[in-house]
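One structure is given here, and the rest of the page talks about it.
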Amino acid sequence: MTSTDNRQTVSLIAAVGRNNEIGCRGDLAFHIRADLRHFKELTIGKPVVMGRRTFESLPKGALPQRRNIVITTDTGYSAPGIETAASLQQALAMTADAPETMIIGGGMVYSEAMPVASRIYLTEVDASLDEADTFFPEIDRNQWTATSQSDTFTDEPTGLSYRFINLHRL
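Each residue of the sequence shown is one higher than the last, beginning at 1 in UniProt numbering.
See below:
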């Protein structure tokens with residue numbers, strides 16, 4: 001399936017550190033309130049696709065006002081507010097009627113979805129986390145172009161500098 005099948009747009013959304021860090025021990029690598037608000041604004045009302053470990057890391061379970069699809073090979077897996085898919089391809093088939101499907105993690109799901117994605121919404125955090133154990137895949141800048149980029153902001157509680165950047169596949 002490509003990103004243009006059935007006019008489906010597949011988008012990846014993540015907050016990444018200098019070395020593409022996204023997670024550490026089952027939690028986000030960086031906690032920035034404005035990034036979480038940005039994530040909510042971009043994903044509300046859209047289907048979100050994630051791996052099982054990403055789902056289990058969500059503090060309150062299924063994300064409200066979004067169709068939550070969890071990729072798992074455990075056919076008996078269930079939780080309130082989710083649907084399951086055995087593969088990324090099945091998850092995308094389940095959301096084929098949606099104008100945009102948001103891939104929200106984790107690292108393996110991002111890597112698998114990268115070839116079919118047409119958009120990437122990044123929060124670039126000007127920090128690194130040595131203990132990180134989950135990473136966003138490398139972005140081939142020959143295949144992507146920035147369509148918008150915010151100023152750099154500083155998160156007051158953490159002191160972390162960050163910016164929002166939207167990429168579209170060329």
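Beta carbons: idealized from backbone N, C-alpha and C, even for Gly.
Test item: CB-CB of Val48 and Arg66 under 8 Å: Here residue 48 refers to the residue found at position 48 of the sequence shown. Here residue 66 refers to the residue found at position 66 of the sequence shown. Closer than 8 Å, so yes.
Which residues in the same chain have their Cβ closer than 6 Å to the Cβ of Thr134, if we skip the five residues on either side of it in sequence? Start at 1 with the first residue of the sequence shown, and residue 134 comes out as number 134. Cβ within range, chain order: Ile22, Gly23, Gly106, Gly107.
Measuring CA to CA, which of Ile139, Glu100, Glu156, Ser128 is closest to Lys46? Numbered from its first residue, the sequence shown carries residue 46 at position 46. Nearest C-alpha to Lys46: Glu100.
So which of Glu83, Leu36, Phe30, Ala29 has the shortest CA-CA distance to Arg52? Within the sequence shown, numbered from 1, the residue matching residue 52 stands at position 52. Looking at the Cα atoms, Glu83 is the closest of the given residues.
Look up Asp27 in the DSSP assignment and give the residues it is bridged to. As a first step, residue 27 is located in the sequence shown; it is residue number 27 there, counting from the start. Asp27 is bridged to Cys24.
Tell me, please, which residues DSSP counts as bridged to Tyr121. What you label residue 121 is simply residue 121 of the sequence shown in a count that begins at 1. Note: Tyr121 sits in a beta bridge opposite Ile13, Asn166.
Under the three-state reduction of DSSP, which class applies to Ala62: helix, strand or coil? Stepping through the sequence shown from its first residue, residue 62 is reached at position 62. Reduced to three states, the DSSP call for Ala62 is coil.
Who are the near neighbours of Ile32 in its chain, counting only those whose CB is closer than 8 Å to its CB and skipping five residues on each side? Walking along the sequence shown from the start, residue 32 turns up at place 32. Ala15, Thr123, Val125, Asp155, Thr158, Leu160, Tyr162, listed in sequence order.
Tell me which same chain residues have a C-beta within less than 8 Å of the C-beta of Ala117, skipping the five on either side of it? Along the sequence shown, read from residue 1 onward, the residue named residue 117 stands at position 117. Contacts found: Ser3, Val10, Ser11, Leu12, Ile103, Arg169.
Determine the DSSP secondary structure at Ser161, reduced to helix, strand or coil. Locating residue 161 in the sequence shown gives position 161, where the first residue counts as 1. Strand.
8 Å Cβ cutoff met for Tyr121 and Leu42: Looking up residue 121 in the sequence shown gives position 121. Looking up residue 42 in the sequence shown gives position 42. Yes; because the gap between Cβ atoms is below 8 Å, this pair is in contact.
Looking only at its own chain, which residues have a Cβ that is under 8 Å from the Cβ of Met94, when we skip the five neighbours before and after it? The residue you call residue 94 lines up with position 94 of the sequence shown. Short of 8 Å from the beta carbon of Met94, and not among the five residues preceding or following it, lie these beta carbons of its own chain, in chain order: Pro47, Ile69, Glu83, Ala85.
Compare the C-beta of Val70 with all C-beta atoms of chain D and state if any pair is closer than 8 Å. In the displayed structure, chain D is absent; only one protein chain is listed.
For Asp27, I'd like the list of residues in its chain whose CB is within less than 8 Å of its CB, leaving aside the five on either flank, ordered along the chain. The sequence position of residue 27 within the sequence shown is 27, counting from 1. For Asp27, where only same-chain residues beyond five positions count, the Cβ hits under 8 Å are Ser57.
Return the chain-ordered ranges of every alpha helix (DSSP H) run that is complete within the region 97 to 148 and spans a minimum of 4 residues. 107 to 113
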